[in-house]
Amino acid sequence: MPKSMTGYGRASAQEEGWNLSWEIRSLNNRHLDLKWKIPPTLYAHQKTWENEVRTIANRGGVELFLGLKINNPELQSLSLDRTMAASMLQELKRLAASMEVPHTPDLNRLLNIPSLWKDSGSIDNPQLIESLTETLKKALEDWDETRVREGLALEEDLRVRFARLTVLVEEIRVLAAQTAPERFALLQERVAKLLLDSGAQIDPDRMLQELATISDRVDVSEELTRLEIHLKGIDGYFNQTEPVGRKLDFMVQECFREINTCGNKSQNTSISQLVVTFKAELEKCREQIQNLE
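Residues in the sequence shown are numbered from 1 upward in steps of one, following this note's numbering.
Structure follows, in structure tokens:
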């Protein structure tokens, strides 16, 4: 089942005086790129949470935001790092003495230094961490559901587009078969005129052999057969449970290669127009596939 790389998920909970919430957003990316917005005191748990994400995602740029708010004042407690504050004051006195300038300590400025304050609340207690992990799982489920829904919509659109491409391949094949005798006769006429104008002599059987060789060089039946095989293979990918974005992207590149060869070989205006239409539709498919995981 194809999944989109873009999605959104959210979950919230309450745990012993804490209001907590996870918010997840994702966009397209060649690899799985996780960006966490969590308090530094929780960095030690990031690896565990990353493993939870990797169980359901393989590609995409994913941003995970953690919101934490204390609703119990008793849990909120700040303490001053007196040792560091005293050390700072001492260093300032030494600096002033070495520069021979007067120094009067400004406690207001000193107390405005964030690193001197420590939050002694219980943000890293086991029960809260367990609640954070479970809430993250719920947010991931919500996020994954949006990716599945968008993936199904993309699949439906792509199936319609690839069906159009299959029809175009058949139209090119029919038109190529209809114009082949005409092309061969025209080529034979041109060669005969050149021989007549130059007065050269050539064995008729040899001329037919050379004309057949030239006709083979502009024949597109092999390319059309490979295109049909690729398009049938693409349809089968939609039934796979593993991520198919990279596989589909590769198959589309192969289709471009084959249809470009058809366009280069074609000497018929109608076939050239069908090739242009095919490439335009195939480009739309490629743009849609860029959204798939």
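For glycine and all other residues, C-beta sits at the position ideal for the given N, C-alpha and C.
Just tell me which of 36, 163, 158 has its CA closest to the CA of residue 248. Of the candidates 36, 163, 158, the residue whose Cα lies closest to the Cα of residue 248 is 158.
Own chain partners of residue 230 with C-beta closer than 8 angstroms, once the 5 adjacent residues on each side are dropped: Short of 8 angstroms from the beta carbon of residue 230, and not among the five residues preceding or following it, lie these beta carbons of its own chain, in chain order: 251, 254, 255, 258.
Can you tell me whether residue 220 is helix, strand or coil according to DSSP? Judged by DSSP in its simplified three-state form, residue 220 adopts coil rather than helix or strand.
By the three-class DSSP mapping on this structure, what secondary structure does residue 3 have? Correct three-state label for residue 3: coil.
Which class does residue 90 belong to by DSSP, given the choice of helix, strand or coil? The three-state reading of DSSP puts residue 90 in helix, counting H, G and I together.
Please work out which residues of its chain come closer than 7 angstroms, Cβ to Cβ, to residue 36, disregarding the five sequence neighbours upstream and downstream, and give them in chain order. Cβ neighbours of residue 36 beyond the five flanking positions: 46, 64.
Helix, strand or coil for residue 101, going by three-state DSSP, please let me know. Here residue 101 sits in coil by DSSP.
Let me confirm a value: residue 6 is counted as buried when at least 16 other C-beta atoms fall within 10 Å, else exposed. Which label applies? Looking at its Cβ environment, which holds 16 or more other Cβ atoms inside 10 Å, residue 6 is buried.
Between the C-alpha atoms of residue 13 and residue 42, what's the straight-line distance to the nearest angstrom? Approximately 17 angstroms between the Cα atoms of the pair.
Going by CA-CA distance only, name the one from 271, 44, 244 that's closest to residue 58. The alpha carbon of residue 58 has as its nearest neighbour, out of 271, 44, 244, the alpha carbon of 244.
Give the DSSP-derived three-state secondary structure of residue 71 in the structure shown. Judged by DSSP in its simplified three-state form, residue 71 adopts coil rather than helix or strand.
Which ranges does the beta strand (DSSP E) cover as unbroken runs of at least 3 residues, wholly within the region 137 to 165, from first to last along the chain? If one requires a minimum length of 3 residues, no beta strand (DSSP E) run lies completely within the region 137 to 165.
Give the secondary structure of residue 256 by DSSP, where H, G and I count as helix, E and B as strand, and everything else as coil. The DSSP-derived three-state label of residue 256 is helix.
Assigned secondary structure, residue 106 (DSSP; H/G/I helix, E/B strand, else coil): Note: residue 106 maps to coil in three-state DSSP.
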